[in-house]
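This report concerns only the one structure given below.
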Amino acid sequence: MKVRKGKNGALEKVPMSDTNLLLLITIVVFFAMYLAAMLFIGRGFLRFQTFFNILNENAALIILSCGMSIVMITGGIDISVGKLTALICMSAAVNLDYQGGNIFTAVLLSLGIGLAFGLVQGYLVAYLDIQPFIVTLAGMFFAKGMTTIVNATQFNVQNEAFLALKNTRIYVPGTGYINRLGKYVPAYVEIGVIIAIAVVIILFILLRWTKLGRNFYAVGGNNQSANMLGVNVKRTKFIAHLLCGLLAGIGGFVYFLHVGSGAPSHATGAEMNAIASSIIGGTMLSGGVGNIAGTFFGVLSLSTIKNIVALLGLDDAWWTNITVAAMICIFLIVQSLVLLRKRNKS
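Rendered as structure tokens:
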């Protein structure tokens, strides 16, 4: 809670904003879960590499979730990002192995596909006023079909330059451990993690300190009020979907960099995980409230609870799904209570 000077010069308390309150709750929940895992499960949770592995495995999801959060802040949604990721992986893989491409052309292709989807979907949502769910549902099916047309089989990329980049490790000093053979094993992160963290920082600055970021919140909070304040609502929604498409392009290539293959089954359910991470991170489905830092911790929380369930021996798919569903419901209830607190004060 902040403190400021009142009209008479006396200090008075300023209530914490909904966005900051939900961010605080998400951070506390994540650290509480991770600390509990360290204390009661131990095993790998006591090593830095376990935390780094969460980042390595979810770098692409972090980027996809950031794009999802921006769209959700404006009051929309995008359920095409999962299949779009699969399309990007397959297209980049075919470009590298069958078309004589290189890493530069694969990156351009990934970004181009993401921007194309963002451009079309953004135009349909913003300027033709079609429901985002319907537009992105169509985009999801289109991306799924296009992935199979590009190549219907799974194959590992053999391009040497790509494999060298994929296998690059960034070692973090002082975070390794001694294995059973008495050998020091250094902890590391993949390149995708650096890209994901850079995206989080850039988008955090964008939403917090730029006019465009404030416009996203204004549009999500109330379209009519934003329009009266001089905000171009249609353009803002269009930019939100375009940015989500661009981030899907970046996230798709990061996912490709992690798995090193193309397959129609890649990133199955990624769109649902992105929505879940955004909700857990404090982004409201009603729009107007959200935080990229919260989305980052939302991804970490989602992955941590999945790891805990697996280490407890409940690694069947339904236990994981039940746990994730319960977690989403809890955070939706928390969001409802925050909204109720806001209404009571007003």
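With our numbering as the guide, the letters of the sequence shown map in order to residues 45 to 390. For glycine and all other residues, C-beta sits at the position ideal for the given N, C-alpha and C. Small disclaimer: the values here were computed from a predicted structure and weren't measured.
Review point. Using a Cβ-Cβ cut-off of 6 angstroms (strictly less than) and excluding sequence neighbours within five positions of Glu204, which residues of its own chain qualify?
Key: If the five residues before and after Glu204 are omitted, its C-beta is found closer than 6 angstroms to no C-beta atom of its own chain.
Review point. Excluding five sequence neighbours on each side, which residues of the same chain lie with their C-beta closer than 7 angstroms to the C-beta of Ala314?
Key: Answer for Ala314: Leu105, Leu108, Val125, Gly126 and Thr129, listed in chain order.
Check your understanding: Can you tell me whether Met316 is buried or exposed, with buried defined as 16 or more other CB within 10 angstroms of its CB?
Key -> Burial check for Met316: the Cβ neighbour count within 10 Å stays below 16, so the residue is exposed.
Exercise for review: For Ile336, name the three-state secondary structure that DSSP assigns.
Suggested key: DSSP places Ile336 in helix when its eight states are reduced to three.
Exercise for review: Check whether the Cβ atoms of Phe297 and Leu155 sit closer than 9 angstroms, and answer yes or no.
Suggested key: yes
Review point. Around the C-beta of Gly357, are 16 or more other C-beta atoms found within 10 angstroms, so that it is buried, or is it exposed?
Key: exposed
Practice item. Name, in chain order, the residues that DSSP records as bridge partners for Asn200. Key: Ser305
Point to revise | Local conformation of Val233 per DSSP, three classes | key: DSSP places Val233 in strand when its eight states are reduced to three.
Check your understanding: Since Ile222 sits in a beta bridge, which residues does DSSP pair it with?
Key -> According to the DSSP secondary-structure assignment, Ile222 is paired through a beta bridge with Tyr228.
Review point. Going by DSSP, which residues form a beta bridge with Arg213?
Key: In the DSSP assignment, Arg213 forms a beta bridge with Glu234.
Practice item. Out of Ile249, Lys188 and Ile323, state which residue places its alpha-carbon closest to the alpha-carbon of Ser380. Key: Ile323
Practice item. To the nearest angstrom, report how far apart Asn195 and Ala240 are at their CA atoms. Key: Approximately 28 angstroms, taken between the alpha carbons.
Exercise for review: Please report the Cβ distance between Leu251 and Ile283, rounded to the nearest whole angstrom; I am assuming they are in contact, meaning their Cβ atoms lie under 8 angstroms.
Suggested key: The pair is not a contact, with the Cβ atoms about 13 angstroms apart (cut-off 8 angstroms).
Practice item. Measure the alpha-carbon distance for Leu209 versus Gly338 and round it to whole angstroms. Key: About 30 angstroms.
Check your understanding: Can you tell me where the alpha helix (DSSP H) with Phe260 in it begins and where it stops?
Key -> Here the alpha helix (DSSP H) through Phe260 covers Lys255 to Gly265.
Check your understanding: Can you find at least 3 beta carbon pairs, one from the stretch 168 to 185 and one from the stretch 298 to 305, that sit closer than 8 angstroms?
Key -> Between the stretch 168 to 185 and the stretch 298 to 305, the count of Cβ pairs shorter than 8 angstroms is below three; the stretches do not touch.
Exercise for review: Report the three-state DSSP secondary structure of Ser109 (helix, strand or coil).
Suggested key: helix
Point to revise | Top-ranked residue by Cα proximity to Lys188, from Leu131, Trp362 and Phe148 | key: Leu131
Check your understanding: What number of angstroms, rounded off, separates the C-alpha of Gly144 from the C-alpha of Arg213?
Key -> 26 angstroms
Exercise for review: Go ahead and pull the three-state DSSP assignment for Gly342.
Suggested key: Here Gly342 sits in helix by DSSP.
**Study point:** Euclidean distance between Cα positions of Met77 and Thr348
**Key:** 7 angstroms
Review point. Cβ atoms of Leu346 and Met371: under 9 angstroms apart, would you say?
Key: yes
Exercise for review: Go through its chain and collect everything with a Cβ distance to Glu234's Cβ below 6 angstroms, but skip five positions before and after it.
Suggested key: Asn100
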